[in-house]
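Undergrad: One structure follows; several queries about it will come next.
Protein chains in written order, with our numbering: chain A, 52 to 1068; chain B, 20 to 246.
In structure tokens:
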């Protein structure tokens, strides 16, 4: 084993890992202990059982197994269709194009259906916003549709009622509302850009001309529109094309993981996160292999600067990251504006003062201006309009080609908490008779200074349309269960203007009502189905329709492709109004908040809380903290030390007299004197899974300081909570595992750390014999330069391979079942973790050719296939767990309990029939999606009247690879030297993790590349 | 070992068990050992026997469908009803309307077909019983076998002679592997795939030719069938 060189960068999994070092002192709270343990907690003993109990249990189990084994199963029943639908052939999966929306913007989906059950969600390759990739929220839809906690009945004042009774009630109310044209009817909707919603609103307007539609979400994009209004005098949609960007400055903007275009951003950004273009793409874009036409590596690779408070996914990709409090960003933006927009410098002098002489700002400004059109400044939606205007002005001055403006697509570009304030005022004045809430859970999502629930009591008729009986439904007179996105007809518009159709995969499981039908009832069409309404909404003749031979053939085509033929997005070139920006900002003066500032962040898992009941998302490790099931107060290591605070300690957090309790997490790279807290937790609604997980940040938020800008006080409570943190499990003992390199070193091919992890090795074991008839040698390559650590692959794997969730308590014991994990390491800078950098490394079974697990299995339950897969035979496994102990990568997962016993009815329908559901006492791990390999094999081997052909490169796509937006994962066979994976394995950055163990893994990782600015080095 | 000297037992010369009882214990222990061995042998035999595998055990279906009549007498091809046998993992079970497509005209008043008519009129599926039931962790694919030259009769036997269909081979893993290790004697030309009566004069030679033509190479890795 190579000695650790102290001069090399060192990587740490957490602050505790860093501080404990070699001698590993016992820490007060749980997880550092785990690092030194041979087995995870609970793995070596049966809870509360003595040896005698154990023997009794063993005896009983043995007897039971014998008895059960001798019994013959009763014959299975087969129920064929009476009349088989033309396109359904049992056993052959079908794929339907549909779409979903988040924050009003659509993403196209391609959903796999088995015998009428949607089981897997992928991106629609024909949809420009998903191009075949998908994120965590899209993957999690497959869980959401089967969630047995969903609202099941129409309820009136908490009593069971029915959809027909509701429609009768609506009809009578519409009659009554005719007198005043529906003036007292108000619709509170979530943000939407769907043309169908626009059409429905028009229809409602025909029956109720004066009824109003307003929009609310707690994660609004208002600042983007307000910012362009300030900078250009018009409300505009802002889009970014990171394919054109070479220098990017993200001001508090997690553009890789949040926002309507996150997948496209991740793809385009990752394309330029490597020293040179990849494979075929590179050859094509460079016009052959001619070295002279090849641009120097520096020109291809981009550079990312990030200024933010808490580490975000985008922050983890930064080449230079400045940790500042949320309220400091405006000063930073002003300082850049002063340097880059010459005629505006005087206006922002006061605001820019704190960062006037900052070396960081000077270097970034110089880099941005030297790149000109290829440089861009992006701003997160948490920042106020002024920061957006400053960035827009900088981009306009740089003549950035990366940024593009267009007409707003949302039906309503004002969706912030001011909407709720207006409703409260109108309700108190008795101006609302009927409030129809289709926005997600406003009672929970409202800031603490708006008494929205009280206002609802003053409205005679409140209708709440939602998927769950939650905090809002208890205040509503009518609760209408909403159909899931996979159960509804509708459409969506993505940020580039592409309209996609949403078609149901399954009839509503719990009698949910589709959106179209709800609005149809108010538009005087109570008996129309959503399908009929949608067809009517799209019935207007278009050129495309005529070209396709009329409505019906056109509609069939649209349903098949999922998208209406794309219209190029309209681009607007607005004129910058520097004077207006100056006018607004001149009076601004920076007032630093003394003490600790609170900083709210949007959660990567439950978003604003709407996915709280999704157990897949709850158990997903947060990308940076790796905390599951709940939110934590994130503070910097220095702040923890200064205030004598430790991780997992529960503190009382007080803002303006309102208090919540929250456990702490010490996050390297966090800004000083600031505590970050994710919104969306601490739910009290009827959802069994969401209820009581984490603390409710909305109880502290106010309309004036929705994201930051309030002072918080921290008080110790003496209590602590053992968090569920996945990164502390499966320790890797300080060896060089996640490698990084700098662009300059890659260019001059000086990669000593990578070279050390390569090369020939002597071995006492026999070479792996390739006996595969076709010669396939399946292998994977994971490019850490491209991986952002967004976690979509984990959920894709979970969905594909029937992986079950285990709950917080079991995660604490290290029993999580995710086959694929994404490790996050903090890289120390100058011997401290204060400004630590982040490296993420996806890790699943690497399919060793000389697999340590295979040598120790006493029952041959894990054996090698002829094509180099490390097969796991569930039926042979007796659960000794020797293999997991001997696995140096710690990627094997053991079923300590019968997790699937806890599955409730509908969720069983989610299971992928191509993958075995594992029982208790069985080991499992990544199989390289062997079911997909076998499907491809059978499909290709039966072609040409049974003669068959070989599987071509790219015909087997693993679930993780398919979901990955940034294209970090490649899969294929090494027997083909031209395959993508062969090329990646031959890359100079490729290395075998734990090479010195001589396991010859089939998964190679490619070292992360950073592109630092020499001026800031 | 030994008795506690303070125990009242120690002071008496009484022996609880006579000396010959030692032989009894030895014999009993031996019997237990032999019994365990026998049990093991019995278990191995039992799980391979038709008692457990349901081999050759005709299953009574809800409809008295007779393959002898449909296949042998009328020469209806297997694929007329089992439509996905060349395309999917499952050979496919005919929907009731396939029965109705003929029996709407022929024998449409027969009392034998009352169940079929009831299914058609009430739109309730027929409940057939599975004859060839593989364990759920086995991923068998019909198309992979049929397209490569394994005939229907090779695994399912002479269905055209079965009044009620029964499982012909044991269909356990050993039986699968026998063929996967040496498939040639079970291969036939494509045109005879569904034939019930086809017999090769020299199975090995024909099998080898088919294997060559169809590029047959069977695999025995675990993940071939278990995923």
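All C-beta atoms, glycine included, are put in the ideal place defined by N, C-alpha and C. Computed from a prediction, not measured in an experiment: that's the story for all the values here.
(1) Reducing DSSP to helix, strand and coil, say where residue 711 of chain A ends up.
(2) Mind checking the region 128 to 140 of chain A against chain B and listing, in chain order, the residues whose C-beta falls within less than 9 Å of any C-beta there?
(3) For residue 210 of chain B and chain A, any beta-carbon pair shorter than 8 Å?
(4) Along chain A, which residues have their Cβ under 8 Å away from the Cβ of residue 56 of chain B?
(5) Given that residue 204 of chain B touches chain A, what residues does it touch there, using C-beta distances under 8 Å?
(6) At the 8 Å Cβ level, is residue 163 of chain B part of the contact set with chain A, yes or no?
(7) Over the uninterrupted alpha helix (DSSP H) stretch that includes residue 469 of chain A, give me the two end residues.
(8) To the nearest angstrom, how far is the alpha carbon of residue 392 of chain A from that of residue 706 of chain A?
(9) Helix, strand or coil for residue 434 of chain A per DSSP?
(10) Between the alpha carbons of residue 994 of chain A and residue 576 of chain A, how many angstroms are there, rounded?
(11) What residues of chain B sit near residue 1078 of chain A, judged by a beta carbon separation below 9 Å?
(12) Is the beta carbon of residue 267 of chain A sitting closer than 8 Å to the one on residue 471 of chain A?
(13) Below 7 Å CB to CB, which residues in the same chain sit around residue 612 of chain A once its five sequence neighbours on both sides are set aside?
(14) Since residue 236 of chain B meets chain A, which of its residues come closer than 7 Å, beta carbon to beta carbon?
(15) Output, in chain order, the set of chain B residues within a Cβ distance shorter than 9 Å of residue 126 of chain A.
(16) In terms of DSSP beta bridges, what is residue 300 of chain A paired with?
(17) Could you compute how far the alpha carbon of residue 126 of chain B sits from the alpha carbon of residue 989 of chain A?
(18) By Cβ distance below 6 Å, which residues in the same chain neighbour residue 762 of chain A in space, the five residues on each side in sequence not counted?
(19) List the residues of chain B that residue 996 of chain A touches, going by C-beta distances under 9 Å, in chain order.
(20) When the cut-off is 8 Å and only beta carbons count, does residue 828 of chain A lie next to chain B?
(21) Kindly indicate which three-state DSSP category residue 217 of chain B falls into: helix, strand or coil?
(22) Nearest CA to the CA of residue 527 of chain A: which residue from A:276, A:1051, A:951, A:489?
(23) Could you give the distance in angstroms between the alpha-carbon of residue 42 of chain A and the alpha-carbon of residue 591 of chain A?
(24) Kindly list, in the order they appear in chain B, the residues whose Cβ is closer than 8 Å to that of residue 981 of chain A.
(25) Is residue 546 of chain A helix, strand or coil by DSSP?
(26) Looking at chain A, which residues of the region 88 to 110 of chain B have a Cβ within less than 7 Å of any of its Cβ atoms?
(27) Please check the pair residue 200 of chain B and residue 243 of chain B, which I expect to be a contact at CB under 8 Å, by giving their CB distance rounded to whole angstroms.
(28) Taking Cβ positions only, does residue 134 of chain B come closer than 8 Å to chain A?
(29) What three-state label does DSSP hand residue 879 of chain A in the structure shown?
(30) Taking 8 Å as the CB-CB limit, is residue 59 of chain B close to chain A?
(31) If you draw a straight line from the alpha carbon of residue 845 of chain A to that of residue 139 of chain B, how long is it in whole angstroms?
(32) Do you know whose CA, among A:920, A:720, A:458, lies nearest residue 883 of chain A's CA?
(33) Express the C-alpha separation of residue 796 of chain A and residue 156 of chain A in angstroms, rounding to a whole number.
(34) Tell me whether residue 220 of chain B is buried or exposed, calling it buried when 16 or more other Cβ atoms sit within 10 Å of its Cβ.
(35) Can residue 873 of chain A and residue 842 of chain A be called in contact, C-beta distance under 8 Å?
(36) For residue 351 of chain A, which of helix, strand or coil comes out of DSSP?
TA: Working from what's here:
(1) What you label residue 711 of chain A is simply residue 660 of the first chain in a count that begins at 1. Residue state, collapsed to three classes: strand.
(2) If the cut-off is 9 Å between Cβ atoms, the region 128 to 140 of chain A has 128, 129, 130, 131, 132, 133, 134, 135, 140 near chain B.
(3) To locate residue 210 of chain B, count along the second chain from 1; it is residue 191. Not a single CB atom of chain A sits nearer than 8 Å to the CB of residue 210 of chain B.
(4) Counted from its first residue, the second chain places residue 56 of chain B at position 37. Correct list: empty, because the minimum Cβ distance to chain A is about 15 Å.
(5) Indexing the second chain from 1 puts residue 204 of chain B at position 185. Result: empty, since nearest Cβ-Cβ is about 18 Å, beyond 8 Å.
(6) Within the second chain, the letter at position 144 stands for residue 163 of chain B. So yes, residue 163 of chain B belongs to the interface.
(7) On the first chain, position 418 is the one that residue 469 of chain A refers to. Annotation for residue 469 of chain A: the continuous alpha helix (DSSP H) segment containing it runs 469 to 479.
(8) Here residue 392 of chain A corresponds to residue number 341 of the first chain, with the count starting at 1. Here residue 706 of chain A corresponds to residue number 655 of the first chain, with the count starting at 1. Distance between residue 392 of chain A and residue 706 of chain A, taken at the CA atoms: about 37 Å.
(9) By 1-based counting over the first chain, the position of residue 434 of chain A is 383. Here residue 434 of chain A sits in coil by DSSP.
(10) Within the first chain, numbered from 1, the residue matching residue 994 of chain A stands at position 943. Within the first chain, numbered from 1, the residue matching residue 576 of chain A stands at position 525. Per the coordinates, the alpha-carbon of residue 994 of chain A lies some 51 Å from the alpha-carbon of residue 576 of chain A.
(11) The structure shown does not extend to residue 1078 of chain A, since chain A spans only 52 to 1068, so no value can be given for it.
(12) Residue mapping note: residue 267 of chain A aligns to position 216 of the first chain, counting from 1. Residue mapping note: residue 471 of chain A aligns to position 420 of the first chain, counting from 1. In contact: residue 267 of chain A and residue 471 of chain A (Cβ atoms closer than 8 Å).
(13) By 1-based counting over the first chain, the position of residue 612 of chain A is 561. Excluding positions up to five away in sequence, the list reads 148, 177.
(14) Position 217 of the second chain, counted from the start, is the residue given in the question as residue 236 of chain B. Those are 824, listed as they occur along chain A.
(15) Counting from 1 along the first chain, the entry for residue 126 of chain A is found at position 75. Taking the beta carbon of residue 126 of chain A as reference, the chain B residues within 9 Å of it are 73, 78, 148, 149, 150, 152, listed in sequence order.
(16) Indexing the first chain from 1 puts residue 300 of chain A at position 249. According to DSSP, which records beta bridges pairwise, residue 300 of chain A is partnered with A:356, A:428.
(17) On the second chain, residue 126 of chain B is found 107 positions in, with the first residue counted as 1. On the first chain, residue 989 of chain A is found 938 positions in, with the first residue counted as 1. Computed Cα separation, rounded: 41 Å.
(18) On the first chain, residue 762 of chain A is found 711 positions in, with the first residue counted as 1. Within its own chain, the residues whose Cβ lies closer than 6 Å to the Cβ of residue 762 of chain A, once the five positions on either side in sequence are excluded, are 644, 646, listed in chain order.
(19) Taking the first chain and counting its residues from 1, the one referred to as residue 996 of chain A is at position 945. The answer, in chain order, is 166, 209, 233.
(20) For this step, residue 828 of chain A is matched to residue 777 along the first chain. No, residue 828 of chain A lies away from the interface with chain B (no Cβ there is under 8 Å from its Cβ).
(21) Position 198 of the second chain holds residue 217 of chain B. In the structure shown, residue 217 of chain B falls within a coil segment according to DSSP collapsed to helix, strand and coil.
(22) Numbered from its first residue, the first chain carries residue 527 of chain A at position 476. Checking every option, the nearest Cα to that of residue 527 of chain A belongs to A:489.
(23) There is no way to answer for residue 42 of chain A, as the model of chain A reaches only from 52 to 1068.
(24) Within the first chain, the letter at position 930 stands for residue 981 of chain A. Within chain B, the residues near residue 981 of chain A are 242, 246.
(25) Walking along the first chain from the start, residue 546 of chain A turns up at place 495. DSSP, read as helix, strand or coil, puts residue 546 of chain A in coil.
(26) The region 88 to 110 of chain B vs chain A, Cβ under 7 Å: 103, 106, 107, 108, 109.
(27) In the second chain, counting from the first residue as 1, residue 200 of chain B sits at position 181. In the second chain, counting from the first residue as 1, residue 243 of chain B sits at position 224. At roughly 12 Å, the Cβ-Cβ gap does not stay under 8 Å, so residue 200 of chain B and residue 243 of chain B are not in contact.
(28) Position 115 of the second chain holds residue 134 of chain B. So no, residue 134 of chain B is outside the interface.
(29) Start at 1 with the first residue of the first chain, and residue 879 of chain A comes out as number 828. Look at residue 879 of chain A here: in three-state DSSP terms it is strand.
(30) Locating residue 59 of chain B in the second chain gives position 40, counting from the first residue. Not one chain A Cβ lies under 8 Å of residue 59 of chain B.
(31) Taking the first residue of the first chain as position 1, residue 845 of chain A is located at position 794. Taking the first residue of the second chain as position 1, residue 139 of chain B is located at position 120. C-alpha separation (whole angstroms): 46 Å.
(32) Here residue 883 of chain A corresponds to residue number 832 of the first chain, with the count starting at 1. Looking at the Cα atoms, A:720 is the closest of the given residues.
(33) What you label residue 156 of chain A is simply residue 105 of the first chain in a count that begins at 1. What you label residue 796 of chain A is simply residue 745 of the first chain in a count that begins at 1. Cα-Cα distance, rounded: 41 Å.
(34) Taking the first residue of the second chain as 1, we reach residue 220 of chain B at position 201. The residue is exposed, with fewer than 16 neighbouring Cβ atoms inside 10 Å.
(35) Looking up residue 873 of chain A in the first chain gives position 822. Looking up residue 842 of chain A in the first chain gives position 791. For residue 873 of chain A and residue 842 of chain A, yes; Cβs fall inside 8 Å.
(36) The residue you call residue 351 of chain A lines up with position 300 of the first chain. It is helical.
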